[in-house]
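Per the working numbering, the very first residue in the sequence shown carries number 20; after that it's consecutive. Yeah, the Cβ is synthetic: ideal placement off N, Cα and C, and Gly gets one too. Take a look at the structure set out below.
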Amino acid sequence: MRCRVQLYVAGKTFYEEMEAVDYDHARQIALARNPGATHVSTTAIFDEPDYETSWASSPSYDEDRSYSSSDSTNGLGGLVVLGIAGWLMWEAWKFGSAIVIAIWQWILGSWQWFMGLFSFMSPQLLVGLVLGFFFLVLVIGALDE
Numbered sequence: 020m021r022c023r024v025q026l027y028v029a030g031k032t033f034y035e036e037m038e039a040v041d042y043d044h045a046r047q048i049a050l051a052r053n054p055g056a057t058h059v060s061t062t063a064i065f066d067e068p069d070y071e072t073s074w075a076s077s078p079s080y081d082e083d084r085s086y087s088s089s090d091s092t093n094g095l096g097g098l099v100v101l102g103i104a105g106w107l108m109w110e111a112w113k114f115g116s117a118i119v120i121a122i123w124q125w126i127l128g129s130w131q132w133f134m135g136l137f138s139f140m141s142p143q144l145l146v147g148l149v150l151g152f153f154f155l156v157l158v159i160g161a162l163d164e
């Protein structure tokens with residue numbers, strides 16, 4: 020007799036169709052084809068054409084899984100999230116640089132004696148020295164362990 024067995028794997032249900040002697044035989048065939056699956060139900064199929072390759076007409080576990088992983092909207096959504104994160108990091112970098120430059124100009128403008136000591140240093144050089152110092156501390160810390 021022709022049987023349809025409903026199986027469950029990883030939160031999804033799917034069907035396997037086969038020729039079997041009885042319901043228990045159909046269940047054994049379906050579980051042998053899909054190890055690790057859980058049997059849900061077995062039903063007999065009447066008044067449907069008999070396919071020679073029934074396994075090709077019904078989706079199996081591997082086909083179902085590859086179908087769900089080939090969804091193109093997941094990749095596009097990930098690109099949008101990465102683009103927004105990159106833009107926010109760029110804006111944070113510009114904002115942080117503006118704050119450092121403003122503080123440096125305030126220091127140079129407020130104290131004239133300080134300006135005489137460090138008048139050669141541009142705001143860009145200060146930002147580079149600060150970031151270089153933190154990079155050096157990270158490298159030394161990584162080499163220490």
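Name the DSSP bridge partner or partners of residue i?
i      : result
Ser60  : Gln25
Glu110 : DSSP, once it has assigned bridges, lists no residue as partnering Glu110.
Met37  : Cys22
Looking at residue i: is its Cβ nearer than 9 Å to the Cβ of residue j?
i      : j      : result
Val119 : Val149 : yes
Glu36  : Ile64  : yes
Val99  : Gly55  : no
Can you tell which of the options has its C-alpha closest to the C-alpha of residue i?
i      : options                        : result
Arg21  : Ala104, Glu38, Gln47           : Glu38
Ile122 : Trp106, Ile103, Ser60, Gln143  : Gln143
Arg46  : Asp163, Leu162, Gln25, Phe33   : Gln25
Ile126 : Phe114, Leu145, Ala111, Met108 : Leu145
Phe33  : Gly97, Phe154, Arg52           : Arg52
Round the Cβ separation of residue i and residue j to the nearest angstrom and send it over; I've been treating them as touching at under 8 Å.
i     : j     : result
Thr62 : Arg23 : 5 Å
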